[in-house]
Amino acid sequence: MRRRRRKVLVEPPAHATGDIAFNLIVFFLVCASVQPDSGRPQTLPSSETVEEDKQTENIEVAISRSAVIVNGDVTAKNQLLSRLKPLLAGKSTPEDKVVVVKSDSDTPYAQWIFVTSIIDDAGGTVTLKLEEEREVIIPD
Amino acid sequence: MKLTRRKTRAEVPSMAMGDIAFNLLIFFVILARASDDSHLQWTPAKVSNLKNAGNATVSVLIDKDSKLYLNGQQVGIAELANLIEVELGDAPQGKRTVLVKIHSDTLAQRFEPVIEAISEAGGDLVHIVEEEQE
Numbered sequence: 012m013r014r015r016r017r018k019v020l021v022e023p024p025a026h027a028t029g030d031i032a033f034n035l036i037v038f039f040l041v042c043a044s045v046q047p048d049s050g051r052p053q054t055l056p057s058s059e060t061v062e063e064d065k066q067t068e069n070i071e072v073a074i075s076r077s078a079v080i081v082n083g084d085v086t087a088k089n090q091l092l093s094r095l096k097p098l099l100a101g102k103s104t105p106e107d108k109v110v111v112v113k114s115d116s117d118t119p120y121a122q123w124i125f126v127t128s129i130i131d132d133a134g135g136t137v138t139l140k141l142e143e144e145r146e147v148i149i150p151d
Numbered sequence: 270m271k272l273t274r275r276k277t278r279a280e281v282p283s284m285a286m287g288d289i290a291f292n293l294l295i296f297f298v299i300l301a302r303a304s305d306d307s308h309l310q311w312t313p314a315k316v317s318n319l320k321n322a323g324n325a326t327v328s329v330l331i332d333k334d335s336k337l338y339l340n341g342q343q344v345g346i347a348e349l350a351n352l353i354e355v356e357l358g359d360a361p362q363g364k365r366t367v368l369v370k371i372h373s374d375t376l377a378q379r380f381e382p383v384i385e386a387i388s389e390a391g392g393d394l395v396h397i398v399e400e401e402q403e
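Which chain is which? The protein sequence lines are A and B, in order.
Using the working numbering, read the first sequence as starting at 12 and increasing by one per residue.
Using the working numbering, read the second sequence as starting at 270 and increasing by one per residue.
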């Protein structure tokens with residue numbers, strides 16, 4: 012005759028579920044808060060520091076949805092760093108290293124941050140060229 | 270004859286301590302979420318050579334619907350510079366970090382005025398992006 016083994020039912024104590032839940036929440040909160048954000052710092056000079064007459068000597072980068080133009084020449088994205096580095100190499104003062112960035116209105120952020128981070132890596136200082144909106148009141 | 274008053278002992282039931290702590294924690298988590306932007310939906314752009322963003326008290330976010338948020342609260346572009354100035358107060362240079370979280374498909378006509386407003390308020394921009402895998 013075969014003997015059946017008696018099964019022992021082990022249950023976690025019901026009164027401890029609150030403590031278990033509490034410890035689990037603390038664990039996940041600590042895990043979530045420890046993860047730091049990573050990003051790219053960007054220094055934008057204020058508009059007063061960029062003189063109007065200096066702007067003509069600065070490198071100009073135009074960004075559109077599909078193309079990047081450096082000083083009027085269309086440049087491939089993978090050649091942007093090698094194109095910018097020699098242009099910035101001869102410039103010593105921070106004012107000379109200003110790169111004027113002009114974006115088309117439909118330029119996506121992914122394209123913009125890619126180009127501006129390459130300008131930073133090449134040693135340039137990004138300055139935005141924005142079109143000013145002016146309200147004109149026509150007299151009666 | 271002097272009668273002694275019977276003392277009744279009142280104790281917090283130790284059985285319920287876990288539940289009390291759990292409810293307190295939930296309460297504080299919900300409070301913290303009100304000034305947090307973790308519930309907003311956006312996809313970060315991908316860039317290489319990232320650095321640690323450090324600690325910041327101000328976070329500006331543009332979500333996938335191009336809505337603008339300051340510390341988790343929806344705001345308009347016209348009031349953004351003033352609100353950031355208030356948040357930063359008279360914090361010294363180096364402690365004026367503003368985290369910028371922009372959905373990767375957002376167009377320049379939307380995000381450039383935001384960057385300009387942060388710069389105008391004297392904030393140090395840190396773009397929150399993802400490391401590009403090569």
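Where is the CB? At the ideal position from N, CA and C, for every residue including glycine.
Query                                                                                                                  : Result
Amino acids of chain B, ordered along the chain, whose beta-carbon sits closer than 8 Å to that of Thr-118/A           : Leu-376 and Ala-377
CB contact flag (Phe-38/A, Leu-294/B, <8 Å)                                                                            : no
DSSP three-state assignment for Asn-318/B, whether helix, strand or coil                                               : coil
Alpha helix (DSSP H) runs wholly inside the segment 66-113 of chain A, at least 4 long, in chain order                 : 91-100
Gln-343/B vs Leu-337/B beta-carbon contact at 8 Å                                                                      : yes
Ile-130/A versus Ile-31/A: straight-line alpha-carbon distance, rounded                                                : 52 Å
Collapsed DSSP secondary structure at Val-367/B in the structure displayed                                             : strand
CB of Leu-110/A within 8 Å of CB of Ile-70/A, strictly                                                                 : Correcting the residue type first, residue 110/A is Val in the shown sequence and not Leu. Yes. Within cutoff.
Gly-50/A beta carbon less than 8 Å from that of Val-395/B                                                              : yes
Proximal chain B residues relative to Arg-51/A, where beta-carbon distance stays under 8 Å                             : Val-316, Asn-318, Leu-319, Lys-320, Val-395, His-396 and Val-398
Asp-305/B to Ala-100/A span [Cα, whole Å]                                                                              : 43 Å
Alpha carbon of Asn-82/A to alpha carbon of Ile-299/B, nearest angstrom                                                : 52 Å
Neighbouring residues, chain A, relative to Glu-348/B (Cβ below 8 Å)                                                   : Correct list: empty, because the minimum Cβ distance to chain A is about 17 Å.
Min CB distance Ile-124/A to chain B below 8 Å                                                                         : yes
Within 7 Å of chain A by C-beta, residues of the segment 286-311 of chain B in sequence order                          : Gly-287, Asp-288, Ala-290, Phe-291 and Leu-294
Backbone secondary structure at Gln-343/B - three-state DSSP                                                           : strand
CB contact check: Ala-121/A to chain B, cutoff 8 Å                                                                     : yes
Identity of the residue in Lys-271/B, His-372/B, Val-367/B and Ser-283/B nearest Pro-313/B by Cα                       : His-372/B
Residue interval of the alpha helix (DSSP H) (run including Pro-382/B)                                                 : 377-389
Candidates Ser-103/A, Ser-128/A, Lys-102/A and Thr-104/A, of which the one nearest Val-112/A by Cα                     : Ser-128/A
Bridge partners - Gln-310/B, DSSP secondary structure assignment                                                       : Partner(s): none; Gln-310/B has no beta bridge.
Which listed residue (Ser-283/B, Pro-382/B, Ala-360/B and Ile-289/B) has its alpha carbon closest to that of Ile-331/B : Pro-382/B
Residue interval of the beta strand (DSSP E) (run including Ser-328/B)                                                 : 327-331
Contacts of Leu-141/A in chain B (Cβ-Cβ under 7 Å)                                                                     : Glu-381 and Glu-385
Sub-8 Å separation of Leu-357/B and Gly-391/B beta-carbons                                                             : yes
C-beta neighbour in chain A for Ile-371/B, strict 8 Å                                                                  : yes
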